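Residue numbers (this note's numbering): 4 to 238. Even for Gly, the Cβ is constructed at its ideal location relative to N, Cα and C. Note that this is a predicted model, so its numbers are computed, not measured. These notes are about the structure you will find just below.
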């Protein structure tokens, strides 16, 4: 089971801005190294609603040269995608060599929302763990760098963030009944995230679990993890 949603030490506001500036410079360097290599890089962001995935994706958009970077926000498959094997739509979005892509939610959805909401059968979910491992292994064997982050948020902090948004007239439109319905299933989603990490973390495509209850600490830790993971592969 996932634990440690709160960081051992929170990052102060001043330290946050310093570290963000430093890691953005390092990420820019990593993009240049990917561009000059014979590889591409994928950044996978998973986690509960309001855990900071979109914030990280937005920060990456601010940092990377858009000519070699794209963010994919994964939603329910459309009619065309449903006519193909479930991984087909992700094969279509993979970046070319020398480029990077970020997935705000990913191909892991079959073992997460589809599992919890019973949109996939138990047999399909069970088979998906092996399919995910083989899909990622094929990418790694082809030279792709995969960095997977699981933003580990507590139920209490998720509730606090929902309440905070609903209290803001400019933000309350973002919180829908569906969000609260999923919040009531938080324990089931947490178990699904835990199983995903245990069953699809491999030596060449490991999961990095980021404590997400403190926003600043989670964001800077996630970005430093991305930069460090790419650097280790390309060294």
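Return the Cβ separation of residue i and residue j in integer angstroms, given the expectation that the two are a contact with Cβ distance under 8 Å.
| i | j | result |
| --- | --- | --- |
| residue 145 | residue 41 | Going by Cβ atoms, the distance from residue 145 to residue 41 rounds to 10 Å, so no, they are not a contact pair. |
| residue 23 | residue 150 | Actually they are not in contact, since the Cβ atoms of residue 23 and residue 150 sit about 18 Å apart, beyond 8 Å. |
| residue 220 | residue 65 | With 8 Å as the limit, residue 220 and residue 65 do not qualify as a contact, their Cβ atoms being about 19 Å apart. |
| residue 110 | residue 90 | 6 Å |
| residue 43 | residue 98 | 5 Å |
| residue 118 | residue 195 | 5 Å |
Kindly indicate which three-state DSSP category residue i falls into: helix, strand or coil?
| i | result |
| --- | --- |
| residue 131 | helix |
| residue 14 | coil |
| residue 142 | helix |
| residue 27 | helix |
| residue 218 | helix |
| residue 158 | helix |
| residue 1 | Lying outside 4 to 238, the shown extent of the chain, residue 1 is not represented and no answer is given. |
| residue 199 | helix |
| residue 234 | helix |
| residue 167 | helix |
| residue 41 | coil |
| residue 182 | helix |
| residue 6 | coil |
| residue 53 | coil |
| residue 121 | coil |
Give a yes or no on whether the minimum CB-CB distance between residue i and chain E is below 7 Å.
| i | result |
| --- | --- |
| residue 236 | Among the chains in the structure shown there is no chain E, since it carries only a single protein chain. |
Checking the sheet assignment: what are the DSSP bridge partners for residue i?
| i | result |
| --- | --- |
| residue 205 | 208 |
| residue 151 | 47, 210 |
| residue 106 | 47, 75 |
Checking 7 Å against the spacing of the C-beta atoms, do residue i and residue j come in under that value?
| i | j | result |
| --- | --- | --- |
| residue 154 | residue 234 | no |
| residue 46 | residue 229 | yes |
| residue 30 | residue 197 | no |
| residue 60 | residue 74 | yes |
| residue 152 | residue 237 | no |
| residue 51 | residue 122 | no |
| residue 208 | residue 129 | no |
| residue 67 | residue 27 | no |
Next item on the list: Enumerate, from N- to C-terminal direction, the unbroken alpha helix (DSSP H) stretches of 4 or more residues contained entirely within the region 55-102.
Entry: Those alpha helix (DSSP H) runs which fall completely within the region 55-102 and span 4+ residues are 56-66, 82-85, 91-94.
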